[in-house]
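Notes to accompany the following structure.
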Amino acid sequence: MTISQRMHRAAPVSAVVAGLIAVLVGTTSSAAIVFTAAKAAGATPGQLASWMLALGVGMGVTSIGLSVRYRAPVVTAWSTPGAALLAGSLDGVSMEQAVGAFLVSAALITLSGLTGWFERVMDKIPVPLAAALLAGVLVRFGTGLFGSMPGNFTVVFPMFVAYLLCRRWLPRYAILVALTVGVLAAAGQGSLRPEKVHLALAAPVFVRPELSWQVIVSVALPLFVVTMASQNLPGVAVLRNDGYQVPVSPLISWTGAVNGLLAPFGCFGLNLAAITAAICTGQEAHPNPRERYLAGVWAGVFYLCVGIFGVAVGSLLASLPTALILGIAGLGLLGTTAGSLASALGDEALREPAVVTFLATASGVTLLGIGSAFWGLLAGTLTFVVTCGGRRRTAEATGSRELRG
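When you line the sequence shown up against my numbering, it's residues 3 to 407, in that order.
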């Protein structure tokens, strides 16, 4: 095998692009929330850069390591709802106490993986409900694609047309071409903001953790709950919806352990990705499901770059128009959304619980600081138990999952 053949095998264009888009979507959609959370804890500019470094290294190492280990596109992410929670709860909390809360939350996540209780819960969820959960999480990106057209027609519509044409003649390069067209259209429109880009490298800043029971109760425990319910739950659903029967407990254990190791440098929460993972698990990432793990690996490589360049990457992402990000995310997730809906509605006996799960998740409702993914699954499960007879149907659904695996 020649060098060029080896490179092509290790870096197929579709997998590299899928990894790039996953990182692009993941960071642009919530980097501002992370910055806000860090500032709420009184972070200095150096500490803010250290947060980005720790998070980027954590996501990069876990995405690469877990994807290679299990030969599946396992993409990790920072906890976006966790960052939102921190942004509103760290006022008056010292950086040392905040880091202590990060460590406690990471320890609880690791314990959840080691004991296996989280995987046991996931194994009892029928496949159609898990698929409906995923579809509900993804639907806002599909609507965002078309919702952004009226105000940014000259950017989003050319991307959409380019995508459709490539799906007809060059399907493997549809997302790459759409992204290129979007950047060119934004440049022609004048909505790119290159003056916001500032090149700089991040350096680690160690903060000695301080444990405070008040901060543990008010910050660490809620951070643990929202990370597990709003992030890891749909993250597992993404993998299983696309047929990747990866053992859940080791994934949770490793994300928690790496989170704890990097917490003193600002890594507040690592978890399984949902939306960005779906970009890497679909057929756009690679026509062969066995090779899609490369998309997870490349996502990890790009996350390492995000960490190393820290705030510079944040400023670069801020220079891109929001419409471009919404458009490419919506296009990249079309196939996964369609597959999720088909799986959710395929079993007529479970169709109503699946629809309830989908609608409640898509509503975006947040209660007690916990996102709609948890409440959607809870509402769907309640419908399932009351209307279908929970125990009998769970056994059938579990059996169908095992056949699929």
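From the three backbone atoms N, C-alpha and C, an ideal C-beta is built for every residue, glycine too.
| How would you call Gln233, buried or exposed, if buried means at least 16 neighbouring beta carbons within 10 angstroms? | By the neighbour-count rule (16 or more Cβ atoms within 10 Å), Gln233 is buried.
| field | Beta-carbon gap between Val25 and Trp53 smaller than 8 Å | value | Contact check for Val25 against Trp53 fails: the beta carbons are separated by 8 Å or more.
| message | Could you pull the DSSP bridge partners for Ala79 from this structure? | response | The partner list for Ala79 (beta bridge, DSSP) reads Asn273.
| task | Taking only the alpha-carbon atoms, compute the straight-line gap between Ala1 and Ser345 and give it to the nearest angstrom. | result | Given a span of 3 to 407 for the chain in the structure shown, any question on residue 1 remains unanswerable.
| task | Confirm, please, whether the CB-CB distance from Val308 to Ser69 is below 8 Å. | result | Contact: no.
| field | Assigned exposure category for Trp215 - 16 Cβ within 10 Å defines buried | value | Exposed, because fewer than 16 other Cβ atoms sit within 10 Å of the Cβ of Trp215.
| Taking the continuous alpha helix (DSSP H) assigned at Ile330, which residues delimit it? | Where Ile330 is concerned, the enclosing alpha helix (DSSP H) stretches over 324–334.
| message | Rounding to the nearest angstrom, what Cα-Cα distance links Gly245 and Val158 in this structure? | response | One C-alpha to the other measures close to 32 Å.
| Do the stretch 79–87 and the stretch 264–280 meet, that is, are 3 or more Cβ pairs less than 8 Å apart? | The answer is yes - the stretch 264–280 touches the stretch 79–87, with three or more Cβ pairs under 8 Å.
| field | Outcome for Leu405 when other beta-carbon atoms lying within 10 angstroms are tallied against a minimum of 16 | value | Here the model assigns Leu405 a pLDDT of 35, short of 50, so the residue's position is not dependable and the matter cannot be decided.
| message | So, at 7 Å on beta carbons, what are the nonlocal neighbours of Val183 in its own chain, with the 5 sequence-adjacent residues on each side left out? | response | Same-chain partners within the cutoff: Pro160, Met161, Ala164.
| For His200, is the classification buried or exposed, using 16 other Cβ atoms within 10 angstroms of its Cβ as the cut-off for buried? | By the neighbour-count definition (other C-beta atoms within 10 Å, threshold 16), His200 is an exposed residue.
| Per-residue burial, Ala397 [other beta carbons within 10 Å of its own, 16 or more giving buried] | Residue placement at Ala397 cannot be trusted, given a pLDDT of 45 that sits under 50; what the coordinates show is reported in the next sentence. By the Cβ neighbour-count rule, Ala397 is exposed, with fewer than 16 other Cβ atoms within 10 Å of its own.
| request: Look at Leu140 and Thr339 and say whether their C-beta atoms are less than 8 Å apart. | output: With contacts defined as CB atoms closer than 8 Å, Leu140 and Thr339 qualify as a contacting pair.
| Just curious, the alpha helix (DSSP H) that Cys168 is in, first and last residue? | First-last of the alpha helix (DSSP H) with Cys168: 155–171.
| Opening and closing residue of the alpha helix (DSSP H) in which Met124 lies | Where Met124 is concerned, the enclosing alpha helix (DSSP H) stretches over 119–125.
| For Pro236, does the count of other Cβ atoms within 10 angstroms reach 16, so buried, or fall short, so exposed? | Buried, since its Cβ has 16 or more Cβ neighbours within 10 Å.
| field | Boundaries (first-last residue) of the alpha helix (DSSP H) holding Arg71 | value | Run containing Arg71: 47–72, per the alpha helix (DSSP H) assignment.
| message | Taking only three categories from DSSP, how would you classify Leu369? | response | DSSP, read as helix, strand or coil, puts Leu369 in strand.
| Sequence ranges, alpha helix (DSSP H) only - wholly within the stretch 90–151, length at least 4 | 97–117, 119–125, 129–149, all fully within the stretch 90–151.
| request: Output the boundary residues of the alpha helix (DSSP H) element that contains Gly382. | output: Per DSSP, the unbroken alpha helix (DSSP H) holding Gly382 starts and ends at 374–386.
| task | Figure out for me which residue from Gly337, Ile66, Leu110 has the closest Cα to the Cα of Met230. | result | Looking at the Cα atoms, Leu110 is the closest of the given residues.
| task | State the start and end residues of the unbroken alpha helix (DSSP H) segment that holds Val228. | result | Counting along the chain, the alpha helix (DSSP H) containing Val228 begins and ends at 223–229.
| query | When you compare only the Cα positions, how much space is there between Val357 and Pro47? | reply | Taking the straight line joining both Cα atoms gives about 46 Å.
| What's the C-alpha gap between Gly268 and Val19? | Approximately 28 Å, taken between the alpha carbons.
| task | Sort Ser251, Pro211, Lys41, Thr145 by Cα distance to Thr117 and report the nearest one. | result | Nearest to Thr117 by C-alpha distance, out of Ser251, Pro211, Lys41, Thr145, is Ser251.
| CB of Leu213 within 8 Å of CB of Gly102, strictly | Yes.
| field | Residue closest to Thr257, alpha-carbon to alpha-carbon, out of Gly62, Ala17, Leu55, Gly21 | value | Checked all of Gly62, Ala17, Leu55, Gly21; the closest Cα to Thr257 is Gly62.
| task | Going by CA-CA distance only, name the one from Leu343, Arg294, Trp377, Leu241 that's closest to Asp125. | result | Answer by Cα proximity: Leu241.
| At which residues does the alpha helix (DSSP H) containing Ala188 begin and terminate? | Counting along the chain, the alpha helix (DSSP H) containing Ala188 begins and ends at 176–191.
| query | Where do the N-terminal and C-terminal ends of the alpha helix (DSSP H) with Arg242 fall, by residue? | reply | Its alpha helix (DSSP H) spans residues 235–243.
| What are the boundary residues of the alpha helix (DSSP H) that includes Asn290? | Neither: Asn290 is in no alpha helix (DSSP H) and is coded neither H nor E.
| request: Would you mind reading off the limits of the alpha helix (DSSP H) that contains Phe208? | output: Judged by DSSP secondary structure, Phe208 falls outside any alpha helix (DSSP H); it is assigned neither H nor E.
| field | Distance, Ala325 Cα to Leu166 Cα | value | Those two C-alpha atoms are separated by around 18 Å.
| query | Hey, Leu352 and Phe386: beta-carbon distance below 8 Å or not? | reply | In this structure, Phe386 lies closer than 8 Å to Leu352 by Cβ.
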